[in-house]
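Asks: Take this structure first; my questions come after.
Protein chains in written order, with our numbering: chain A, 22 to 273; chain B, 88 to 276.
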């Protein structure tokens with residue numbers, strides 16, 4: 022049965038049926054969600070699928086990449102049976118290399134000041150507003166936070182960015198890299214507290230088998246399952262199955 | 088009545104989204120495969136999603152060819168080949184899982200096939216619960232079958248779980264009674 026929290030907020034369907042089911046219909050529109058996990062757990066794949074579905078449904082989607090060249094991302098997306106290259110040529114799906122933004126803004130430095138942070142946020146918000154972006158992925162937020170010198174700056178950056186994007190009705194996924202030894206859900210410990218939602222991707226060991234897992238830790242604006250699911254990355258997208266309760270050991 | 092006829096009749100009387108525990112003796116194995124894969128699935132124009140945990144999928148294909156069974160509508164989820172040093176071919180026809188203990192991945196591969204090949208109805212065959220029980224604790228296997236059979240109902244898919252009588256313990260029988268809608272015993276013993 023749907024509760025008030027579920028029906029009062031418009032949903033941004035991820036297009037990943039299992040995840041939309043877990044979230045009782047999708048991510049509440051305008052939420053800023055941390056997609057967090059260690060390397061190889063499927064963060065980028067899941068985020069790209071979220072954008073491709075959005076673009077297919079007519080919602081302009083933007084991917085800001087810090088680490089991967091747009092050409093390489095396109096190569097990855099070609100494996101999707103539902104991906105259409107026209108989404109990119111028609112600018113329904115926009116791939117942006119953050120390095121180019123840094124150059125444009127004169128932010129080619131190892132450490133940012135608070136002013137630099139504000140300039141960067143303003144630029145991202147400007148692009149979202151001008152292009153009418155409804156879905157945004159920043160991959161990864163950790164790489165940006167690396168240039169910030171204090172937790173206060175990280176807090177300011179994510180709070181400011183999240184607020185502005187939410188006001189524009191843009192649903193945002195912030196990809197966060199976790200070290201295998203990390204405690205908590207983010208590298209700096211600040212990101213998880215500020216984000217509206219946390220989707221944790223991980224590895225689970227069971228008797229020598231390594232399973233990819235997904236768990237929604239929190240999501241403001243909706244009731245959701247907090248159970249752990251096993252995921253498979255396929256050519257028709259991310260598929261999820263409930264994790265069996267059989268003595269697994271978490272391996273990040 | 089012959090073994091294939093018994094199996095085909097039983098499947099024919101079951102409503103869509105039903106599950107069947109099929110107890111067979113070793114001598115009825117090939118007849119059972121012919122009944123499900125060839126006669127029943129062909130007659131009803133269905134896909135067969137075959138979970139192999141006893142014999143590698145390539146060997147099953149060889150058996151089918153020997154029996155003259157047409158395999159174009161059969162897709163394998165092979166849980167056993169990766170445990171052995173055998174050559175594997177990657178395509179939708181042969182989906183491999185690293186081990187029969189990766190139960191969630193079996194569900195995910197079958198879901199992948201169900202989503203991708205939705206133009207016909209499907210029958211999912213688990214061959215066999217006995218070999219799955221060698222690799223898995225019975226408690227987690229019961230949990231798996233319960234969730235799996237339930238999810239297949241949503242897809243309106245039939246499911247046949249093969250159990251070799253000679254290897255069927257009382258615990259396996261109790262588990263199958265719990266998770267399946269119906270049972271059929273064929274062959275001797």
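We treat Cβ as the ideally placed atom computed from N, Cα and C, and that holds for glycine. None of the values given here were measured: they were computed from a predicted structure.
1. According to DSSP, is residue 115 of chain A helix, strand or coil?
2. Taking only beta-carbon positions, decide if residue 219 of chain B is within less than 8 Å of chain A.
3. Using the C-alpha atoms, what's the distance from residue 167 of chain B back to residue 143 of chain B?
4. In chain order, what residues of the same chain lie with their CB nearer than 8 Å to the CB of residue 208 of chain A, ignoring the 5 residues before and after it?
5. So is residue 248 of chain A in contact with chain B if we call contact Cβ pairs under 8 Å?
6. Near residue 96 of chain B, which residues of its chain fall below 6 Å by C-beta distance, leaving aside the five closest residues on each side in sequence?
7. Note down the Cα distance separating residue 177 of chain A from residue 170 of chain A, rounded to an integer number of angstroms.
8. Output the distance between the C-alpha atoms of residue 22 of chain A and residue 158 of chain B, rounded to the nearest integer angstrom.
9. What residues in the stretch 186-208 of chain B bring their beta carbon closer than 7 Å to a beta carbon of chain A?
10. Roughly how many angstroms lie between the CA atoms of residue 105 of chain A and residue 257 of chain B, to the nearest whole one?
11. Can you list the residues of chain A that residue 165 of chain B reaches, using a CB-CB cut of under 8 Å?
12. Starting from residue 234 of chain B, find everything on chain A with Cβ-Cβ shorter than 7 Å and list it in chain order.
13. Would you call residue 103 of chain B buried or exposed, if buried means 16 or more other Cβ atoms sit within 10 Å of its Cβ?
14. For the putative contact between residue 191 of chain B and residue 262 of chain A, defined by C-beta atoms under 8 Å, what is the C-beta separation to the nearest angstrom?
15. Give the list of continuous beta strand (DSSP E) stretches no shorter than 3 residues that lie fully inside the stretch 169-227 of chain B.
16. Compare the Cα-Cα distances from residue 31 of chain A to each of A/155, A/266, A/62, A/143 and report the closest residue.
17. Hey, is residue 260 of chain A's beta-carbon within less than 8 Å of any beta-carbon in chain B?
18. Only counting runs of 3 or more residues, tell me where the beta strand (DSSP E) segments fall wholly within the stretch 206-271 of chain A, in order along the chain.
19. What does residue 37 of chain A touch in chain B if you count any residue whose Cβ is under 8 Å from its own?
20. Would you identify the three-state DSSP class for residue 193 of chain A, choosing helix, strand or coil?
21. Count the CB pairs spanning the stretch 193-213 of chain B and the stretch 250-265 of chain A that are closer than 8 Å, and state whether there are at least three.
22. Does the stretch 256-276 of chain B come within contact of the stretch 223-237 of chain B, defined as at least 3 CB pairs closer than 8 Å?
23. Could one say the Cβ of residue 255 of chain A lies closer than 8 Å to chain B's Cβ atoms, at least one of them?
24. In this structure, does DSSP put residue 22 of chain A in helix, strand or coil?
25. List, in chain order, every chain A residue whose beta-carbon is nearer than 8 Å to that of residue 224 of chain B.
26. Does the beta-carbon of residue 60 of chain A have 16 or more other beta-carbons within 10 angstroms, so that it is buried, or is it exposed?
27. Just tell me which of B/246, B/218, B/106 has its CA closest to the CA of residue 140 of chain B.
28. In terms of residue numbering, what span does the beta strand (DSSP E) encompassing residue 58 of chain A cover?
29. Can you tell me which residues form a DSSP beta bridge with residue 102 of chain B?
30. Check whether chain A comes within 8 Å of residue 117 of chain B, counting only Cβ atoms and requiring the distance to be less than that.
31. Taking DSSP's pairing of strands, which residues face residue 108 of chain B in a bridge?
32. What separation, rounded to the nearest whole angstrom, lies between the Cα atoms of residue 74 of chain A and residue 140 of chain A?
33. What does the alpha-carbon distance come out to for the pair residue 220 of chain A and residue 49 of chain A?
34. Count the other C-beta atoms from every protein chain shown that fall within 10 angstroms of the C-beta of residue 66 of chain A, then say buried if there are 16 or more, exposed otherwise.
35. Taking a Cβ distance cut-off of 7 Å, strictly less, list which residues of the stretch 50-70 of chain A are near chain B, in chain order.
36. Cα separation between residue 152 of chain A and residue 186 of chain A?
Replies: Per the coordinate set shown:
1. strand
2. no
3. 6 Å
4. 163, 166, 197, 198, 199, 200
5. no
6. none
7. 12 Å
8. Note that residue 22 of chain A has pLDDT 47, beneath the 50 cutoff, so the model's placement of it is unreliable and no number is given.
9. 186, 188, 189, 190, 191, 192, 194, 195, 198, 199, 202, 203
10. 53 Å
11. None at all; the shortest Cβ gap to chain A is about 15 Å.
12. 263
13. exposed
14. 5 Å
15. 181-183, 209-214
16. A/155
17. yes
18. 218-227, 230-240, 249-255, 258-263
19. Per Cβ cutoff of 8 Å: no residues; residue 37 of chain A is ~12 Å from chain B at best.
20. strand
21. yes
22. yes
23. yes
24. Here the model assigns residue 22 of chain A a pLDDT of 47, short of 50, so the residue's position is not dependable, and the following value carries that caveat. DSSP places residue 22 of chain A in coil when its eight states are reduced to three.
25. 267
26. exposed
27. B/218
28. 53-58
29. Bridge partners of residue 102 of chain B: none, in fact.
30. no
31. B/248, B/270
32. 30 Å
33. 14 Å
34. buried
35. none
36. 13 Å
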